[in-house]
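Which chain is which? The protein sequence lines are S and B, in order.
Quick note on numbering: my numbering labels position 105 of the first sequence as 105, and the sequence is numbered without any gaps.
With positions in the second sequence counted from 1, the corresponding number in my numbering is that position plus 154.
Built from N, CA and C at the ideal position, the CB exists for glycine as well.
Report on the structure given below.
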Amino acid sequence: MSAQQERIIANVVVPLDFTYNYRVGPYVERYIKSLGQKKIMGVKCPGDDAVVVPPRKYCGRCNAIMDEWVEVGPEGTVENYTVGHVRLNKGLVEKADTEYVLALIKLDGASTLLPAEVKGIAPMDVENGLRVKAVFKDPAEDSLNDLSYFVPAG
Amino acid sequence: MSGSIGMPRERMLFELVKGLYDQLGITRHDIGTFVLNSNDFEVGHTIANVFEDTPVGAYMKDETHVDSEGLWATTYAAMRIMSGNYETALVVGNSSGASTMRPYLMMDYQLDPTIDRQAGLLNELSTAALQARAFLDKYGLDEDVLNQIAARNLRNAAMNPNAVQFKADATAGDVLESEYLYEPLRKLQCYPFSDGACAMVLASGDRAKELTDKPVWIKGMGNSVETYYIGERDLGSSRSAKMAAERAYKMAGISDPAKQLDVAEVAAKFAHQEPILAEALGLFEEGSAARVATDGLADIGGSMPICPSGGGLGAYVFTATAWCGSRNASAS
């Protein structure tokens with residue numbers, strides 16, 4: 001069952017203009033404030049001792065409130081990574097100007113992996129196990145971007 | 155199944171469902187409950203089913219809607235029948251995402267808005283690439299395995315009239331020549347943007363025998379959900395699929411799926427997801443993807459054909475892929 005290709009396509013532009021005013025909550029707020037002081041904070045679950053970064057209030061596995069704050073990093077280890085050849089811009093694939101590394105990093109003292117860019121090293125030289133350290137924005141701009149990216153440690 | 159880019163959603167649904175009624179020799183009044191399946195974000199308005207009710211014949215009928223997950227819509231419909239309140243259910247899922255919006259936006263808007271969406275690092279392709287890398291690393295596999303899997307799906311898709319991406323003589327070399335998006339993910343390891351829909355009539359046992367001489371029986375169902383957080387998952391395997399399969403197998407009385415099953419369709423929209431799922435379902439041993447590819451075990455005619463339809467690489471209808479797969483498997 002197939003019909004002829006439609007000849008007329010109406011490009012309906014959604015006549016709406018709005019912003020979602022999400023509240024980040026005290027956990028993400030404290031996380032961002034800490035980044036401004038060049039510190040990465042996580043929270044520890046009382047149920048399974050997992051240290052979760054970025055911090056959030058609830059542990060899914062234990063259905064418990066995580067309320068013990070723990071400083072982690074600023075160094076860590078690359079556990080997984082991909083070299084990006086494209087960037088996605090509002091759903092469109094665009095060729096990246098240069099190849100770049102997106103890694104999942106296990107910060108020292110954390111149980112979870114943090115997605116972040118790794119710079120200061122040729123993408124082809126990145127491998128799992130690479131030691132990296134966080135680079136913070138200075139002066140801080142009071143946003144998630146205060147943890148800018150990671151570079152090889154040492 | 156029906157698919158044609160550029161066809162209005164309502165006509166696609168009307169032709170598909172009316173065709174199904176005609177094939178069964180029934181009318182919309184023979185349907186006890188309607189379970190519609192689409193996605194508000196993709197359709198572009200809330201209560202996406204509101205304009206789908208009319209073309210599928212749900213006007214003034216008992217109707218409900220499942221967002222996003224098509225196989226869950228089928229499970230839901232089956233449970234409605236098992237409740238004893240209905241003899242028949244129409245399940246219909248659709249997506250016109252390919253022609254009406256940008257499909258990769260779906261993932262952008264699934265992301266946690268306060269962290270992941272702000273950071274701008276995770277998206278449909280980068281998360282898939284990290285999953286692919288985790289799978290290869292877990293078992294020390296070469297990227298060629300992914301190219302082999304993609305090539306087989308493209309060859310299978312060439313025999314499927316509903317496929318939108320296919321190549322009759324596809325080789326791993328063809329996939330290797332397609333460009334990297336995020337390593338190790340190459341373009342031909344990815345699903346094609348597709349419009350389409352799938353409809354099924356579910357019925358109680360007695361009613362099913364009245365409707366057709368060859369009913370397809372649902373023997374088992376299972377469900378499980380993994381955590382959202384990518385940094386807390388073992389990306390190289392699927393615990394949730396394994397648990398869901400165990401629940402379904404238990405219900406169906408299957409103790410050795412690799413022996414007892416003849417064929418499988420899995421909802422893999424990227425090449426690497428196929429072995430992750432096939433291994434979670436117990437169809438092949440964990441870490442056997444290279445041998446499966448080399449020996450052609452998952453080929454049509456192999457010991458366990460996987461996605462003879464071409465799977466998600468042949469066509470990926472958001473909401474309805476798993477379930478187009480179940481239809482394809484029952485037709486195999």
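For the stretch 66–97 of chain S, the residues whose beta carbon sits under 8 Å from a beta carbon of chain B are, in order, Asn-80, Tyr-81, Thr-82, Val-83, Gly-84, His-85, Val-86, Leu-88, Lys-90, Gly-91, Leu-92 and Val-93. Thr-254 (chain B) and Asp-48 (chain S) have their C-alpha atoms spaced approximately 45 Å apart. At a Cβ-Cβ threshold of 7 Å, Ala-443 (chain B) and Ile-460 (chain B) do not count as neighbours. Taking C-alpha positions only, Phe-188 (chain B) is separated from Ile-201 (chain B) by approximately 15 Å. A Cβ-Cβ contact shorter than 7 Å links Thr-77 (chain S) with Arg-131 (chain S).
One alpha carbon belongs to Gly-84 (chain S), the other to Leu-389 (chain B), and they sit about 18 Å apart. In the structure shown, Ile-65 (chain S) falls within a strand segment according to DSSP collapsed to helix, strand and coil. Assignment of Pro-115 (chain S) by DSSP, reduced to helix, strand and coil, places it in the strand class. Straight through space, the alpha carbons of Glu-241 (chain B) and Pro-115 (chain S) are spaced by roughly 49 Å. Put simply, the stretch 217–227 of chain B does not touch the stretch 161–176 of chain B. Fewer than three CB pairs are less than 8 Å apart. At a cut-off of 7 Å between beta carbons, Tyr-22 (chain S) contacts chain B. Look at Leu-88 (chain S) here: in three-state DSSP terms it is strand.
One finds Thr-381, Tyr-382, Tyr-383 and Glu-386 in chain B with Cβ atoms closer than 9 Å to the Cβ of Gly-60 (chain S), taken in chain order. In this model, Phe-438 (chain B) and Cys-59 (chain S) are separated by some 33 Å (Cα to Cα).
Within the stretch 271–283 of chain B, Gln-272, Ala-273, Leu-275, Leu-276, Asn-277, Glu-278, Leu-279, Ser-280 and Ala-283 place their CB atoms closer than 8 Å to a CB of chain S, listed in sequence order. Neighbours of Ile-269 (chain B) in chain S, taken as residues whose beta carbon is under 8 Å from its own, are Val-28, Pro-54 and Leu-144 in chain order. In summary, the residues of the stretch 113–138 of chain S whose CB is separated from some CB of chain B by less than 9 Å are Leu-113, Leu-114, Pro-115, Ala-116, Glu-117, Pro-123 and Asn-128, in the order they occur in the chain. Identification of residues in the stretch 172–194 of chain B having a C-beta nearer than 9 Å to some C-beta of chain S yields Gly-173, given in sequence order.
Secondary structure of Leu-339 (chain B) (DSSP, three-state): strand.
Not a single CB atom of chain S sits nearer than 7 Å to the CB of Tyr-293 (chain B). Judged by beta-carbon spacing, Ala-243 (chain B) lies within the 7 Å limit of Leu-356 (chain B), meaning their Cβ atoms are closer than that value. Cβ proximity to chain B below 7 Å picks out nothing from the stretch 31–52 of chain S. Residue B:Arg-309 holds the alpha-carbon nearest to the alpha-carbon of Ile-454 (chain B) among B:Arg-401, B:Tyr-334, B:Arg-309 and B:Ala-469. Rounded to the nearest angstrom, the Cβ distance from Ala-447 (chain B) to Val-299 (chain B) is 5 Å, consistent with a contact under 8 Å.
In terms of Cβ geometry, Tyr-345 (chain B) and Ser-280 (chain B) do not form a close pair [threshold 7 Å].
When only Cα atoms are considered, Met-354 (chain B) and Val-51 (chain S) end up about 46 Å apart. With contact defined as three or more Cβ pairs closer than 8 Å, the stretch 462–471 of chain B and the stretch 312–328 of chain B are in contact. Distance from the Cα of Ala-273 (chain B) is smallest, within the candidate group S:Tyr-149, S:Pro-74, S:Val-93 and S:Pro-123, for S:Tyr-149. If you draw a straight line from the Cα of Val-28 (chain S) to the Cα of Pro-55 (chain S), it is about 7 Å long. Bounds of the alpha helix (DSSP H) holding Asp-360 (chain B) are 359–365.
Distance from Met-260 (chain B) to Phe-195 (chain B) at the Cβ level is roughly 7 Å; contact confirmed, criterion being Cβ atoms closer than 8 Å. Nearest neighbour of Val-72 (chain S) by Cα position, chosen from S:Tyr-81, S:Lys-39, S:Leu-102 and S:Pro-139, turns out to be S:Lys-39. Assignment of Ser-394 (chain B) by DSSP, reduced to helix, strand and coil, places it in the helix class. In the structure shown, Tyr-240 (chain B) falls within a coil segment according to DSSP collapsed to helix, strand and coil. CA-CA distance, Asn-191 (chain B) to Ala-64 (chain S), rounds to 34 Å. A distance below 6 Å between beta-carbons, with the five flanking residues on each side excluded, links Val-93 (chain S) to the following residues of its chain, in chain order: Val-86.
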